[in-house]
Amino acid sequence: MMKKKSISASKASLVFFLCQMISALDVPLDSKLLEELSQPPTITQQSPKDYIVDPRENIVIQCEAKGKPPPSFSWTRNGTHFDIDKDEQVTMKPNSGTLVINIMNGGKAEAYEGVYQCTARNERGAAISNNIVIRPSRSPLWTKEKLEPNQVREGDSLVLHCRPPVGLPPPIIFWMDNAFQRLPQSERVSQGLNGDLYFSNVQPEDTREDYICYARFNHTQTIQQKQPISVKVFSMDSLNDTIAANLSDTDIYGAKPVTERPPILLTPTGTTSNKVELRGNVLLLECIAAGLPTPVIRWIKEGGELPANRTFFENFKKTLKIIDVSEADSGNYKCIARNILGSTHHVISVTVKAAPYWITAPRNLVLSPGEDGTLICRANGNPKPSISWLANGVPIAIAPEDPSRKVDGDTIIFSAVQERSSAVYQCNASNEYGYLLANAFVNVLAEPPRILTPANKLYQVILDSPALIDCAYFGSPKPEIEWFKGVKGSILRGNEYVFHDNGTLEIPAAQKDSTGTYTCVARNELGKIQNEVQLEVKDPTMIIKQPEYKVIQRYGHVSFECIIKHDSTLIPTVIWLKDNDELPDDERFLVGKDNLTIMNVTDKDDGTYTCIVNTTLDSVSASAVLTVVAAPPTPAIIYARPNPPFDLELTGQLERSIELSWIPGDENNSPITSFVIEYEDGLHEPGVWHYQTEVPGSQTTVQLKLSPYVNYSFRVIAVNEIGRSQPSEPSEQYLTKSANPDENPSNVQGIGSEPDNLVITWESLKGFQSNGPGLQYKVSWRQKDVDDEWTSVVVANVSKYIVSGTPTFVPYEIKVQALNDLGYAPEPSEVIGHSGEDLPMVAPGNVQVHVINSTLAKVHWDPVPLKSVRGHLQGYKVYYWKVQSLSRRSKRHIEKKILTFRGNKTFGMLPGLEPYSSYKLNVRVVNGKGEGPASPDKVFKTPEGVPSSPSFLKITNPTLDSLTLEWGSPTHPNGVLISYILKFQPINNTHELGPLVEIRIPANESSLILKNLNYSTRYKFYFNAQTSVGSGSQITEEAVTIMDEVQPLYPRIRNVTTAAAETYANISWEYEGPDHANFYVEYGVAGSKEDWKKEIVNGSRSFFVLKGLTPGTAYKVRVGAEGLSGFRSSEDVFETGPAMASRQVDIATQGWFIGLMCAVALLILILLIVCFIRRNKGGKYPVKEKEDAHADPEIQPMKEDDGTFGEYSDAEDHKPLKKGSRTPSDRTVKKEDSDDSLVDYGEGVNGQFNEDGSFIGQYSGKKEKEPAEGNESSEAPSPVNAMNSFV
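For the sequence shown, our numbering assigns the number 76 to the initial residue and increments by one for each residue that follows.
Right, here's the structure in full:
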């Protein structure tokens, strides 16, 4: 039987996936072969299950499939056949099953709502698509409603309801004002998940008339607007000022100040609620609270922790967001709203259900006649999904019978299949939350053998090296392969040959007599075929005389030999290297046929020289070292740098050349080897000297080339072996004439800085290179491989030009030409640049992880299409991080690691992993702009390893014959601990070790008392932990049993008692033991896995007060002593008292306050009686007093010092009214014209004014005011008007 393999080919027209059966066929990925083999249909593309379409556009329902022969397509709608030929609005794309429903030419999307299913069928079976539910999107208008103004007192809570129209899909809600600016949100004001706008407490700045709720329907790209909502907030200060202005001095009246309030929840209501979410979705929980000061929201999960790395807080922590939820996220989530006055909470019980998801999806089977196979379909969900099978789209119970097929729950077993057994099977896994549908075909092939290796292929190998001769084949049933040497040779057998399963013949060490013709024969019950190939064995290449080690004096010459022998049919090439790099570009190095010669050797020639010989089949090399030494020194000679040249003279002046001559200075016993000529451009760079040329030391005249438009000065420097002389004095100056530029800018590049631009840069010409005044540049560009004209622009003497509006990352032809006032430089050469890169669009796919061992894994991925890179591909980055240790089940702070793999590499190794841990990784493609999107996180787990050593080993309580051992578990278990191994042996007085005793201890133990030991004896202990993989490193310790049994005085702490209040607890204890013990108290929340908190007790007191505790919480506590290792009391548990609703005394319930209010009421009653008596006696009030008491506040002048209302003066009585006054000229008060009547107050006067200005009536309840309609005004409201809207 052939081994099972999984084969896929993205570029082949057919792809076969094989099941787990070892008898399944391997199909070579040969394109010609794949085109000839029959295959049942496979659905390759389909529309989503829930398909919401735009009712204004044509509906396209995708269904693509492949198969051999090509499949035909049919559709059902709402469970019945859909005859597309009878509907002129519906067409099917050619060679495809995709439906196009023409809506734009008269069709109505609502008429095509329904459930669609596609069937692709050929002679070998039928595949079906998912049920595709088509629904047109809806964006209904807001229902008309009459919105009352919201009048609210400062500090109160407020909810503005949005109640958007029900759309498909649901709209996105946001709040803006009339200027289309988003309303600012904060901890105090925020939008809920239902779209309503919540105010925890309102402030005066919240007053406005344009709170507008918008609903955006993305599918139809429409936005609906709700009628503006008006909010008016009454400030307590302005309310009190307005009341004071309308009451006499004897009236006592005032609004209560803004009262701070403890939190209450606006949403959700009640104390508990329930929520169901599906596995893999995003869980959103919300709590919005009212209160003053603004409450702060905190979230906890009862009995657990919020999942790390998947938990996010939004909307100022009012919304808890958990992504990718799983069943483990079920539980009770508590939100706590708190301010300085108290707290409230709400518990949301979350249940995570799950739509079906695959455990093992069925895979395609390719079988030979008579073979066996299985289709396995396993899925999970909550509740558990039911599994049903279909054959060619028909329930298997009513499908045509197949004797080779047997259904066993989630498995179909095939036995002794025949060609007629080919079919497409569908597995449906469903529960109340959804379904999964998978197609898997069984393809039974009967094919005669085929050999895919080309005939007469020539293989060449070197003597004594392996020879691999291919014979790629295919057939069904699987053919048998035989090899022969020669046309009539016998079958090849024996240990000198290796026969591979894929048909390849391997000769481990090819010899000369291995040369010849080899014949491969493939046969099965349907036929036989053979193929011949040729093998040639060549002589190896050898270096028969290698280069040898050389020592040479400076300025001498040396030669290395490299004589080779090679096969006469192979052509060798010889390469020489110095220190594993190319030879210097120096004429002193002479490479011959069989040697390398170096002339005039210098110190820098010291190094290793390598001769490399290459042929098409092999390569050999040999190396030798060259050491350069100095010549024997000559005594009594002083060497120094030469003196500078002098007497510089310029002759033969021309436009582009001049002759310079000089007289050398003294060479100072070291011959002058060369002269360096430098020049200064006094016109462009005065004071800066540049290298011009270098001539031999025997030359004192040089012809120099000049550039136009340069004011030259020259100087000469002499050089000998010791060094360089000082520069000579400068020559006279010589100014050349202007001319066109001779050259163009160098290093021209085109690299975009943004996705839509092209930045063209170049190195500007230096001053002397301009050849004249007015230097500019002509920049030209055009898109490569597009028939476009050049676009050009002339720019100033800069080095950059930016072309905007370019496509992303496309090649451009670029050239930059210099010009000055006299003309252009020669035509420049073109360079290729690219417009700006953008971030890659596609994440790498098919990410697979192969765990090699407990600390190393290999990751594979498919390369992204180059077009999606949108830039220069720099490589791939693998992000991986540890999620949790599988042994401790505890999560920690995640530290993501990044590995970068350069170029188009599709795999990489992940080193340094921790054993027995769960990891996640994703892969991203990288270009010059940055990283692309991440691939979906891939989870993998490392196997167990050996543990680290135990964290500690302590030996205490020595007695005559026993010792107590205590230890800590390993810091890194690296797996599940199965036991501890303890070995120990005695040590005598001469330090010799006695017999070794080994004890195996259960993994859940942390101490052991060793008994029956020898008294006054030293023991050495070896202790290590063990997993199923093996034993970890050990820890050693030594201890001695005592000689005499003396009862030590052991300290102890007992009778720990607690007295708990609401936020503190008094801890006391009794201590027995040595004096001067330093105590500490450790405490923590009972049942919590958090670390103990530690408080140091000052002095040697036996009591301590724990402060800052949470009310209504159970705590654990224990007492210990510093310096006594492991010495502490037993644990005690106590509970703090419940939190009081509020510690602020309610003044309204105090007896003294009630008495005071009664006295004030009595005093007001007496004053009213007195006023009533005075009015009856005194008659009418004076007009001036009447006006002072009842005039419109809007026309009263403001005091300049404090802004309060003033009184009229006689000088102002005849002045015209201010603009905007509502009081008539006759100063009578009309109800319809004035809003300052006390009638509108809940405690105002219910009556009318008399002619004399007095009023008749009594205090009564609040009078409702009719809403004003169409009474818009541009004038600012008066303070009294603001008060009128308070009620």
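C-beta atoms are modelled at their ideal positions from N, C-alpha and C, and glycine is treated no differently. Note that the structure is a prediction, hence the values are computed from the model and not measured.
Using a Cβ-Cβ distance cut-off of 8 Å, the region 702–722 and the region 627–638 are in contact, since at least three pairs of beta carbons, one from each stretch, lie closer than that value.
Ranked by Cα distance from E730, the first of K780, V770, Q266 and V688 is K780. If you ignore the 5 residues before and after H294, its C-beta comes within less than 7 Å of the C-beta of I127, D129, S212 and P244, all in its own chain and listed in chain order.
In the three-state DSSP reduction, K1182 falls in the coil class, being neither helix nor strand. Closest option to S1081, judged by alpha-carbon separation, among N1049, G1043 and P1048: G1043. With a cutoff of 8 Å on beta-carbon distance, V688 and P622 are scored as not near each other. Remark: C-beta atoms of A932 and L985 approach each other more closely than 8 Å. In the structure shown, G578 falls within a coil segment according to DSSP collapsed to helix, strand and coil. When the five nearest sequence neighbours on each side are left out, the beta carbons in the same chain lying within less than 6 Å of the beta carbon of I375 are those of K409, in order along the chain.
Within the model, the alpha-carbon separation for Q1101 versus E1019 is close to 11 Å.
Assigned with DSSP and collapsed to three states, C595 falls in strand. Looking at the DSSP output, F664 bridges to I673. Ranked by Cα distance from S745, the first of P338, P720, L723 and V794 is V794.
In the assembly as shown, I877 is an exposed residue. Its beta-carbon has fewer than 16 other beta-carbons within 10 Å. Note on L440: 16 or more other CB atoms within 10 angstroms of its CB, so buried under the neighbour-count rule. Residues S962, P990, Y991, E1019, G1020, P1022, T1102, S1103 and V1104 of the same chain have their beta carbon placed closer than 7 Å to that of G1050, with the five preceding and five following residues left out of the count.
The Cβ-Cβ distance between Y951 and R999 falls below 8 Å. For H420, the CB contacts under 6 Å within the same chain, skipping 5 residues up- and downstream, are K409 and I411 in chain order. The closest CA to that of F388, considering only F148, K396 and E522, is found on K396. Apart from sequence neighbours up to five positions away, the residues of its chain that approach I650 with a beta-carbon distance below 6 Å are I687, ordered along the chain. Taken in chain order, the region 369–439 contains no complete alpha helix (DSSP H) segment of 4 residues or longer. Listed as beta-bridge partners of V695 by DSSP are V688. In summary, S261 is exposed, with fewer than 16 beta-carbon neighbours lying within 10 Å of its beta-carbon over all protein chains present. D860 sits exposed, since fewer than 16 C-beta atoms from the chains shown fall within 10 Å of its C-beta.
Shown here, P279 sits in a helix according to DSSP, grouped into three states. Between the beta-carbon of D404 and that of V427 there is about 5 Å, and that keeps the pair under the 8 Å contact cut. Assignment of E600 by DSSP, reduced to helix, strand and coil, places it in the coil class. Between the beta-carbon of V517 and that of L442 there is about 7 Å, and that keeps the pair under the 8 Å contact cut. Apart from the 5 residues on each side of it in sequence, E1112 sits with its Cβ closer than 7 Å to the Cβ of L1028, I1030 and F1096 in its chain, given in chain order.
For K168, the three-state secondary structure derived from DSSP is coil.
Comparing alpha carbon positions, the residue from D576, N599, G561 and V573 closest to D588 is G561. V934 is positioned such that its CB atom lies no closer than 8 Å to that of L988. Below 8 Å, enough C-beta pairs join the region 447–459 and the region 484–492 to call them touching: three or more. In this structure, N506 lies away from P554, with their beta-carbon atoms at least 8 Å apart. One alpha carbon belongs to L359, the other to T394, and they sit about 7 Å apart. Distance from the CA atom of N822 to the CA atom of D896, rounded to whole angstroms, is 24 Å.
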